[in-house]
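Following our numbering, the numbering of the sequence shown begins with 7 at its first residue and continues without gaps. Just so you know, even glycine gets a beta-carbon here, dropped at the ideal spot from N, CA and C.
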Amino acid sequence: MQTEFVPLQEQIRTNTGTYICVGCLLITHLILMIVLVTSVAVIAPEVKTTLSDVQVIMPEMRRSLLELGQMIPEIKTGMNILSQLCTNSETCHVKL
7 MQTEFVPLQE QIRTNTGTYI CVGCLLITHL ILMIVLVTSV AVIAPEVKTT LSDVQVIMPE
67 MRRSLLELGQ MIPEIKTGMN ILSQLCTNSE TCHVKL
């Protein structure tokens, strides 16, 4: 019993259109990546200065929040006093 061997080159069908499409997609992808990298490279120094500013601002913001947390009871007491004064006065038009 003999079998015919088909050469490998005849089994593989090459479609030049597919290769052209894949090549165009690769070139487009490469161009888009170059544009993206150059855009990020332009922004990078600004990000560095922004991060250094944030490192300065964060401790100040934390300190301010702690001070505000200590002042909230006083503010609430003041609002209660204002509410009492407003309920006793006929000319008060403040909505609390």
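Assigned secondary structure, residue i (DSSP; H/G/I helix, E/B strand, else coil)
| i | result |
| --- | --- |
| Thr97 | coil |
| Glu52 | helix |
| Asn86 | helix |
| Glu73 | helix |
| Glu10 | coil |
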